[in-house]
Structures are given as C-alpha cells and as structure tokens.
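Q: Here it is, the structure, as structure tokens.
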Amino acid sequence: MSEKNREGKRTARERLAEERDKQKKSDKRRRVLVVGGAIVCVLALAGVIGVLAANSGGGKADTEAGPLTAPSGANGDDSLAIPVGKESAKSTLTVWEDFRCPACKSFEDGYRSTVHELTESGQLKVEYHLATLIDGNMRGSGSLRAANAAACAQDAGKFPAYHDVLFENQPAETDDAYAQNSKLIELAGKVDGLTTAPFKKCVEDGTHDSWVAKSHQAFQGGGFSGTPTVLLNGKNIYQDQSMTPAKLKQLVQQADKA
1 MSEKNREGKR TARERLAEER DKQKKSDKRR RVLVVGGAIV CVLALAGVIG VLAANSGGGK
61 ADTEAGPLTA PSGANGDDSL AIPVGKESAK STLTVWEDFR CPACKSFEDG YRSTVHELTE
121 SGQLKVEYHL ATLIDGNMRG SGSLRAANAA ACAQDAGKFP AYHDVLFENQ PAETDDAYAQ
181 NSKLIELAGK VDGLTTAPFK KCVEDGTHDS WVAKSHQAFQ GGGFSGTPTV LLNGKNIYQD
241 QSMTPAKLKQ LVQQADKA
C-alpha cells in the first residue's frame, strides 16, 4: 500500500474519531441540560404548590394569631355557641350558618318568624354556630368579618337583631361586600343602640376572629355536609325535604308538652 493511501486512511480514522468525540461531548451537554431543566421544573412546581398551600390556608394563621376571645354569653363546647331563647326551653335548635351562604339566607327567610315565635314563647332555644365556608370556597373574608361583627353584636346584647339584618341584606355569594368593616358597621345602624364606640372597635379590631376560626374548625370536625346544618334536639331536620316551618313548630310544641 502506498504511503499516500496509508496517510489517507489515517486521516479518515482521525476525522471519524474527532466526530465521535464531538458527538460524546454533545450528548454529555444534552444530558446536563435535561437534568438541569428537570431540576428547574421540580423547583418551579414546588414553588407553585407552596403558593397554593399558602393561599388555601392564608386566613387561618392570621385569625389564630391573636388571643381567642369568646363573645359574651357564649356557651357549649369551648364556648362556641351563641344562645338565643330561654335556657329552660325543652327543645334546642342547633344552627350552623355562614353569613355569605345563600342557602342559609333561604333557611332564615323561610323559618325566621317561626323561630322567633317559638323562642319568644319559651318553647325553643337556639344555639348559633358560625362558619366561614364561603370564604374558603369563593375566596375572600366576608364570612369571617361578618361572623366577628355578629359576635361583637352579641357582646352588646344585640345578636338576634343584627343576625337577622346580616341575612336580610346579604350580598350575592360572589360579592365579598361583608369583607368591608365599614359595610358591617353601616348595617349595624339598622339595629337600635348597636353603633356604639365599643362595637365599632370590636369590629375593626377583629376581636373575635380567633373564636370564629375555632368555630369553623369545629364545623369541619363535625362531619357536616354544608351550611346551613340545622339540628332539632340533635337530629338533622333540614335535610328532610318534607320539613316546613309549620312542621318545625309542631315538633317543638309536641316536645314542650311531653
């Protein structure tokens, strides 16, 4: 074989080796980029999960940061119930409500006059428990702010009237108007003697925020399906499609005579 041919073959082998070496380096760079990109994606995903977790639990830390102050006269487990009516009444209506909840407004609109009649006659006492379900579902803080304001009204001995005002003036579920303390104080003007300096301070300071948060935790721990949840002497009655204000009155009167 001539020297020229040997030199040509050697040059070809060298070129092939160089190409293989370049390919190896290219493959290595590609692997580094893929691994690096995967790490970036994992970190980005972790960041997104962190943001979602923070948003889902955002209000919880804030409301539990302060001291837990139950409203005046609250009773029941951990003082989480606001009682209305005479303690001597034979029947107890336990109501879990959210002031932003449209279904709760429907219940109140339908049963308000009957409940008032039965409590005023001494046949029924009501234990109101406040939840913040809509804040979690729709976002916002109107459920919390309204519940705190209602607890402030309880301090002033005006809970029943203010409770009714909040449901009678309930904004649309998607309208978080009750997140504004000024709106809650404005509505307090519909209740005689409620717009006092202590009430305004209680609303603006969020005095009962931690108590409301604990009440909502109790709601979640109770295994209830939603608001309103209405129990008569421990039995869930509002899920009964045949329940009416007249039937509620009949049940309470029967218990009162027993």
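Be aware that the sequence shown starts at 1, since it is given in UniProt numbering, and climbs by one per residue. We put the beta carbon where it would ideally sit given N, CA and C, even for glycine. Here the structure is a predicted model, which means the values were calculated and not measured.
1) Quick check: the Cα distance between Asn-169 and Pro-71, rounded to an integer number of angstroms?
2) For Pro-102, does the count of other Cβ atoms within 10 angstroms reach 16, so buried, or fall short, so exposed?
3) Mapping DSSP to helix, strand and coil, what is Ala-128?
4) Flag this pair as touching only if the stretch 212-222 and the stretch 172-189 have three or more C-beta atom pairs under 8 Å; answer yes or no.
5) Roughly how many angstroms lie between the CA atoms of Asn-181 and Lys-257, to the nearest whole one?
6) Can you find the residues in the same chain that come closer than 7 Å, C-beta to C-beta, to Gln-250, ignoring five residues on each side of it along the sequence?
7) Name the two residues that bound the continuous alpha helix (DSSP H) containing Leu-184.
8) How big is the Cα-Cα spacing for Lys-247 and Gln-253?
9) To the nearest whole angstrom, what separates the beta carbons of Ala-146 and Phe-99, a pair I think is in contact under 8 Å?
10) For Ser-91, name the three-state secondary structure that DSSP assigns.
11) How about Ile-185 and Thr-195: are their beta carbons less than 8 Å apart?
12) Along the alpha helix (DSSP H) that carries Leu-231, what are the first and last residues, could you check?
A: In terms of the structure at hand:
1) Residue 169 sits at position 169 when you count from the first residue of the sequence shown. Residue 71 sits at position 71 when you count from the first residue of the sequence shown. If I take the Cα positions, the gap works out to 23 Å.
2) Looking up residue 102 in the sequence shown gives position 102. Under this definition Pro-102 is an exposed residue.
3) Residue numbering aside, residue 128 sits at position 128 when the sequence shown is read from its first letter. The question names Ala, but residue 128 is Tyr in the sequence shown. In the structure shown, Tyr-128 sits in a strand (DSSP, three-state: E or B).
4) no
5) Within the sequence shown, numbered from 1, the residue matching residue 181 stands at position 181. Within the sequence shown, numbered from 1, the residue matching residue 257 stands at position 257. Spanning the two alpha carbons is a distance of roughly 45 Å.
6) The residue you call residue 250 lines up with position 250 of the sequence shown. Contacts found: none.
7) Within the sequence shown, numbered from 1, the residue matching residue 184 stands at position 184. 181-188 is the span of the alpha helix (DSSP H), which, as asked, contains Leu-184.
8) Within the sequence shown, residue 247 is the residue found at index 247, counting from 1. Within the sequence shown, residue 253 is the residue found at index 253, counting from 1. Going from the Cα of Lys-247 to the Cα of Gln-253 covers about 10 Å.
9) Along the sequence shown, one-based indexing puts residue 146 at 146. Along the sequence shown, one-based indexing puts residue 99 at 99. So it is a contact: roughly 4 Å between Cβ atoms.
10) By 1-based counting over the sequence shown, the position of residue 91 is 91. The answer is strand: DSSP assigns Ser-91 an E or B state.
11) As a first step, residue 185 is located in the sequence shown; it is residue number 185 there, counting from the start. As a first step, residue 195 is located in the sequence shown; it is residue number 195 there, counting from the start. Yes, they are a contact pair.
12) Stepping through the sequence shown from its first residue, residue 231 is reached at position 231. Looking at the DSSP string, Leu-231 is not in any alpha helix (DSSP H); the run it does join, the beta strand (DSSP E), is 229-232.
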